[in-house]
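**Q**
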Amino acid sequence: MPNKKPRYNKNKIKKLKEKIRGIQNRPPQDRSKKPRSNLEIIFADLLDDLQIEYEIEKPLKYLQGYRYYDFYLIDYGILVEIDGDYWHGKVGKQTYVTMMQKKNDYTKNFLAKLRGYELIRIEEKKLLGDYDEIKENISIRVGKNNL
27 MPNKKPRYNK NKIKKLKEKI RGIQNRPPQD RSKKPRSNLE IIFADLLDDL QIEYEIEKPL
87 KYLQGYRYYD FYLIDYGILV EIDGDYWHGK VGKQTYVTMM QKKNDYTKNF LAKLRGYELI
147 RIEEKKLLGD YDEIKENISI RVGKNNL
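This is the structure:
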């Protein structure tokens with residue numbers, strides 16, 4: 027048997043470790059300027075009506091990267107995710123994309139709970155059909171009962 031050279035030597039391993047550390051230590055992207063969906067615009071208007079301060083695309087560190095949440099209600103420690111029908115498998119049959127989205131949702135649910143945040147998920151059908159009910163529920167959750 028021919029004597030094979032190892033694929034990794036000490037220098038290569040050292041460079042690989044530095045690369046991994048660099049990825050882990052990078053700051054989150056500023057995604058607050060990305061285009062908003064119609065549902066996110068509707069919900070942002072709802073929060074503006076209730077005079078609730080919020081942050082768009084709140085990052086939480088997860089493994090080597092970040093998970094981003096649609097809204098963060100700053101004074102209340104509440105994260106909000108708007109679940110559109112297309113991405114969450116409510117339209118047509120389930121696909122690989124919708125299955126991966128469900129996996130991402132489970133990860134986000136776990137991460138929010140782990141970090142001590144309350145997570146509210148709002149479905150597209152609810153937001154469009156029961157807008158006043160959603161507004162009332164958010165108002166009650168944050169203790170603003172003055173609709």
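Heads up, the sequence shown is in the working numbering, so the first residue is 27 and it goes up one at a time. Every residue, glycine too, gets a C-beta built ideally from N, C-alpha and C. Source: prediction; values computed, not measured.
1) Return the Cβ separation of I82 and F97 in integer angstroms, given the expectation that the two are a contact with Cβ distance under 8 angstroms.
2) Do R147 and Y94 have their C-beta atoms within less than 7 angstroms of each other?
3) Would you check if the segment 118 to 131 and the segment 74 to 89 touch, i.e. whether three or more CB-CB distances between them fall below 8 angstroms?
4) Could you spell out where the alpha helix (DSSP H) holding Y94 opens and where it closes?
5) Rounding to the nearest angstrom, what Cα-Cα distance links I39 and P54 in this structure?
6) Once DSSP output is grouped into helix, strand and coil, what is the label at I160?
7) Leaving out five residues before and five after S175 in sequence, what residues of the same chain have Cβ atoms less than 8 angstroms from its Cβ?
8) Between K139, Q77, K45 and L99, which has its C-alpha nearest K84's C-alpha?
**A** The structure says:
1) On the sequence shown, position 56 is the one that residue 82 refers to. On the sequence shown, position 71 is the one that residue 97 refers to. Between the beta-carbon of I82 and that of F97 there is about 6 angstroms, and that keeps the pair under the 8 angstroms contact cut.
2) Start at 1 with the first residue of the sequence shown, and residue 147 comes out as number 121. Start at 1 with the first residue of the sequence shown, and residue 94 comes out as number 68. In this structure, Y94 does not lie closer than 7 angstroms to R147 by Cβ.
3) Between the segment 74 to 89 and the segment 118 to 131, the count of C-beta pairs closer than 8 angstroms stays below three; the two stretches do not touch.
4) Numbered from its first residue, the sequence shown carries residue 94 at position 68. Careful: Y94 lies outside any alpha helix (DSSP H), inside the beta strand (DSSP E) at G91 to L99.
5) If you number the sequence shown from 1, residue 39 lands on position 13. If you number the sequence shown from 1, residue 54 lands on position 28. Their Cα atoms are separated by approximately 26 angstroms.
6) For the purposes of this step, residue 160 is taken as the residue at position 134 of the sequence shown. Correct three-state label for I160: helix.
7) Nothing in the structure corresponds to residue 175, since the chain is present only between 27 and 173.
8) In the sequence shown, counting from the first residue as 1, residue 84 sits at position 58. When each option's Cα is compared against that of K84, the closest is L99.
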